[in-house]
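Those sequence lines, one after another, are chains A and B. Numbered according to numbering that gives the first Met the number 0, the first sequence terminates at residue 290, and the numbering increases by one at each position without gaps. Numbered according to numbering that gives the first Met the number 0, the second sequence terminates at residue 259, and the numbering increases by one at each position without gaps. Yeah, the Cβ is synthetic: ideal placement off N, Cα and C, and Gly gets one too. Input: a single structure, listed below in structure tokens.
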Amino acid sequence: MKRKLTKLFEFSIEKLFLLSAVFCILALGTILIFVFYKGAPVIGKIGFLEFITGTIWQPQAEIFGILPMIVSSVYITLGTMVLAIPIGVLTAVYLSYLAPKKLAVFLRRSIDILASIPSVVYGFFGLMTIVPMIDKYLAKGTGGNGMLAAILILTIMVLPTIISVSETSLRSVSNSYREASLALGATEITTIFKVMVPAAKSGIFSSVILGVGRVLGEAMAVILVSGNAVQMPSSILSRVRTLSANCALEMGYAEGMHNEALYATGVILFGFIILLNILMYIVKTRSERKG
Amino acid sequence: MKLRDKWIKGAICFCAFFCVAVLIWLILYIVINGIPSLNREFFQSLIPSVASTLAIIGMTLVFSVPIGIMCAIYLTEYAKSSKIVKAISFAVDSLSGIPSILYGLFGMTMFVTVLNFKWSLLSGSLTLAIMILPVIIRVCQESLITVPTEYKEGSFAMGATKLKTLVKIVLPCTSRGIVTAIILSIGRIVGETAAVYLTAGMVNRVPESIMDSGRTLSVHLYMLAKEAISFEQAFGTATVLIVIILIVNTATNLIVREKK
């Protein structure tokens, strides 16, 4: 009898564990369903093409077009990546091959701290330092809020992600590659850039995808520095609003169709994130098949 | 060494030190500007947001640590079919890739409207609980994997059941991993703005129950900076946040180092 009870107990605990594991799948499903359920109908009402190609956003008049936000999000992401990929990958190279051991420990710790500083602190820091600087030297007093400020802040924010994931993949490249290349007479730098970096390229690529996800999704830091005007960016100093900023900015007071339109913005953002996830999956399975 | 190599090496060093330089600039800038406003009056004005932050941290951990640990245990100790493991891992990865603003939108419909918890600490911490689940699962999983199989086999050989082995042998070995997961989660909860802003609201008052709205420190900083209410207070709040993050970071480092 006692034995049976223990067995039953063990069995039910195992199912409890299974349940909490399945909870993750359920949570993911619920999040998807809720955001789409709230946002999709209004896209249907406006028309998908009109919604994503409309350039006017006037909630009072119930005109909802989010092309300026999509374009701003894409530009900001591209700009950030142009700065962050070289800096991030080169730092990862330094950490994994060139840095003296003690220095590497110190650098890694600094990057850990950089990774854990709250995004709103970055936004505030940008607002107080980078925005006035842009205003003074580049915009000549017309205001420093805009795309460039957002790009610079996001670059700092995304560096830790790119550095740590790239470093992990650079370190996992077999040392025999390096020794073979050095033995063939290649210099250290040639070895790194012709042998090691190409061998780690799938990991570096994943770090970039993760970084893009972070940049696209960041709302609060961007709101503080980007100016938030809904308009097509005409220059790198233009005031712009990104997709995620839009969700956060007007949520407090939006009602009715306006509220649903904000969810619809979230749906489009979700679309981008899902695309990134698929890309990530492809990169992962490809590199697994190879090695 | 070729001249070209020297240039490239120079560029690499420059990039590495760029990151450190930015970090030092950011911390010094905020702390130096923040210290003058750290007086008694300021700390008194901070009491409501500190209270809300602590409440949200506590509740979020209560919701998500048990589920996270059980999920990690299932994945490492129980799951037999790799299909389930794959599906769950995929879900966990996807959850960690969803931007916090989308968690905010989700929490706002699910908890604030549909379950009618209103803008409250409860809605906020339920949303955050799902958000930090991937962190807890991944860290606990990593530490569960490192438990030597000999320990478990020894326990089985003595006639202990699987559950008993888990509770008496495996979990004590992973306590460090669990503590690390909790500390990392605290860091993320403290730093989160978008998701809390949309679900817990921004009332600046000491919350009396879990159904009250409250703003966390990060949301407080966001409001101060966005509405340009008071930059002195904003610098002070940012300083407090940075100090918390530094403490959290040092704590994690100490635990990880001790393990080695």
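Cutting at 7 Å between CB atoms, please list the residues of its own chain near residue i, excluding the five before and the five after it.
i: S286 of chain A; result: S201
i: T192 of chain B; result: S217, V218, Y221
i: V84 of chain B; result: L74, A78
i: T173 of chain B; result: C139, S142, L143, V146
i: Y176 of chain A; result: V194, M195, A198
i: S122 of chain B; result: G106, F110, V111, F116, T198, A199
i: P206 of chain B; result: A50, S51, A54, L120, G213
Between which two residues does the alpha helix (DSSP H) carrying residue i extend?
i: D4 of chain B; result: 2-33
i: N245 of chain A; result: 242-249
i: T160 of chain A; result: 146-170
i: P65 of chain B; result: 39-72
i: F155 of chain B; result: 148-156
i: M132 of chain A; result: 130-136
i: P291 of chain A; result: There is simply no residue 291 of chain A to check, as chain A begins at 0 and stops at 290 in what is shown.
i: V70 of chain A; result: 66-92
i: G122 of chain A; result: 118-124
i: G142 of chain A; result: No alpha helix (DSSP H) holds G142 of chain A; DSSP gives it neither H nor E.
i: S99 of chain B; result: 99-106
i: I191 of chain A; result: Where I191 of chain A is concerned, there is no enclosing alpha helix (DSSP H), given that its DSSP letter is neither H nor E.
i: E178 of chain A; result: 174-182
i: Y36 of chain A; result: 1-45
i: G202 of chain A; result: 200-216
i: T260 of chain B; result: With chain B covering only 0 through 259, there is no way to say anything about residue 260 of chain B.
Specify the secondary structure class of residue i as computed by DSSP and reduced to three states.
i: I273 of chain A; result: helix
i: F116 of chain B; result: coil
i: Q59 of chain A; result: helix
i: V239 of chain A; result: strand
i: T226 of chain A; result: In the sequence as displayed, the identity of residue 226 of chain A is Gly instead of Thr. Correct three-state label for G226 of chain A: strand.
i: K79 of chain B; result: coil
i: G213 of chain B; result: coil
i: E226 of chain B; result: coil
i: V202 of chain B; result: coil
i: A114 of chain A; result: helix
i: S184 of chain B; result: helix
i: E259 of chain A; result: helix
i: Y252 of chain A; result: coil
i: G53 of chain A; result: coil
i: S95 of chain B; result: helix
i: S233 of chain A; result: coil
i: E191 of chain B; result: coil
Can you name, in chain order, every residue of its own chain whose Cβ lies under 8 Å from the Cβ of residue i, other than the five neighbours on each side?
i: S205 of chain A; result: V164, S168, M279, V282, K283
i: D211 of chain B; result: S119, L120, V202, R204
i: E259 of chain A; result: K37, G38, P40, V41
i: I272 of chain A; result: G212, L215, G216
Assuming the contact rule is C-beta atoms closer than 8 Å, residue i and residue j should be a hit. Round their C-beta distance to whole Å, please.
i: T59 of chain B; j: L127 of chain B; result: 4 Å
i: I65 of chain A; j: T264 of chain A; result: 6 Å
i: I84 of chain A; j: V207 of chain A; result: 6 Å
i: A26 of chain A; j: I129 of chain B; result: 5 Å
Ignore the nearest five residues each way along the sequence and tell me which others in residue i's own chain have a CB closer than 6 Å to its CB.
i: G226 of chain A; result: N144, G145, R238
i: A149 of chain A; result: I75, V221, V224, S225
i: R187 of chain B; result: I131
i: A91 of chain A; result: I162, S165, E166, L169
i: Y196 of chain B; result: V218
Less than 7 Å between the CB of residue i and some heavy atom of the ligand GTP, yes or no?
i: E287 of chain A; result: Annotation note on the ligand GTP: not contained in the displayed structure, which lists no ligands.
Evaluate contact between the segment 201-218 of chain A and the segment 236-244 of chain A, counting only Cβ atoms and requiring at least three cross-stretch pairs below 8 Å.
-> The segment 201-218 of chain A and the segment 236-244 of chain A touch, with no fewer than 3 CB-CB distances between them shorter than 8 Å.
Determine contact between the segment 148-157 of chain B and the segment 129-139 of chain B, defined as no fewer than three beta-carbon pairs at a distance below 8 Å.
-> These segments do not touch.
Would you call the segment 1-12 of chain B and the segment 66-81 of chain A in contact, with 3 or more CB pairs under 8 Å?
-> Here the segment 1-12 of chain B makes no contact with the segment 66-81 of chain A; the two share fewer than three CB pairs at distances below 8 Å.
Segment contact, 8 Å Cβ cut-off, at least three pairs: the segment 110-124 of chain A with the segment 183-198 of chain A | The segment 110-124 of chain A is not in contact with the segment 183-198 of chain A.
Segment contact, 8 Å Cβ cut-off, at least three pairs: the segment 48-57 of chain A with the segment 123-133 of chain A = Contact between the segment 48-57 of chain A and the segment 123-133 of chain A is absent, because fewer than three Cβ pairs lie under 8 Å.
Given 8 Å, three or more beta-carbon pairs between the segment 88-97 of chain B and the segment 107-116 of chain B | Not touching, per the Cβ criterion.
Would you say the segment 60-72 of chain B touches the segment 231-245 of chain B, given that touching needs at least three Cβ pairs under 8 Å?
-> No, the segment 60-72 of chain B is not in contact with the segment 231-245 of chain B.
Does the pairing of the segment 26-41 of chain B with the segment 224-237 of chain B give three or more beta-carbon distances under 8 Å?
-> The count of Cβ pairs closer than 8 Å, one atom from the segment 26-41 of chain B and one from the segment 224-237 of chain B, reaches three, so the stretches are in contact.
Stretch pair the segment 170-185 of chain B + the segment 242-256 of chain B: three plus CB contacts closer than 8 Å | Segments in contact, yes.
The segment 177-186 of chain A contacting the segment 117-125 of chain A, beta-carbon criterion three pairs below 8 Å = No: fewer than three Cβ pairs fall under 8 Å.
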